[in-house]
Amino acid sequence: MDATVWLTIAAVVALGLAIAAGVLLVRVFAARRLLLDAGIPLRDKALFWVAVIYTVSPVDLIPDPVYLDDIGVLLLALRSLHAAASAVRPGAAAVAAEPAVAKKAGTA
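Residue numbers (our numbering): 5 to 112.
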């Protein structure tokens with residue numbers, strides 16, 4: 005294989021990692037709403053912040069230029085936060101829907 009093939013492979017891998025990082029960044033910003041929810045346990049909120057600090061810190065469990073361990077830790081923390089939110093959300097969604105129904109009934 006010549007240099008152009010390796011350069012093309014490297015560009016495709018870099019593009020894939022950039023897309024994955026962008027999606028992960030969007031998920032992290034979307035998770036900010038969940039961190040303000042009082043019903044989510046503090047353990048899950050703390051796990052999220054520890055994962056963010058680990059991702060930003062220069063210390064790695066697996067020294068690699070691709071940041072696979074950082075992405076994995078952050079994805080696990082996001083999954084834990086979303087699982088905690090979905091466990092809490094059904095009750096919160098019913099309470100949040102009641103004032104909207106009452107408001108519509110009052111205006112009619």
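All C-beta atoms in this analysis are idealised placements derived from N, C-alpha and C, irrespective of residue type, glycine included.
Would you mind sorting residue i into buried or exposed? The rule is 16 or more other CB atoms within 10 Å of its CB.
i, result
"A88", "buried"
"L29", "exposed"
"D68", "exposed"
"L40", "exposed"
"L80", "exposed"
"A109", "Only weak support is given to the placement of A109: the predicted model assigns it a pLDDT of 46, under 50, and the value that follows is read from those uncertain coordinates. By the 10 Å Cβ count, A109 comes out exposed."
"A18", "exposed"
"A104", "Here the model assigns A104 a pLDDT of 41, short of 50, so the residue's position is not dependable and the matter cannot be decided."
"A97", "Because A97 sits at a pLDDT of 35, beneath the cut-off of 50, its placement in the model cannot be relied upon, and the point is left open."
When the Cα of residue i is compared with those of the options, which residue comes out closest?
i, options, result
"V77", "V70, F52, A18", "F52"
"R83", "G43, A34, I66, D6", "A34"
"R36", "V56, D64, G26, I75", "V56"
"V92", "L65, V60, L38", "L38"
* Should the segment 76 to 92 be regarded as contacting the segment 41 to 53, the criterion being three or more beta carbon pairs within less than 8 Å? -> yes
* Asked: What alpha helix (DSSP H) runs, 4 residues minimum, are completely inside the segment 37 to 74?
  -> 46 to 60
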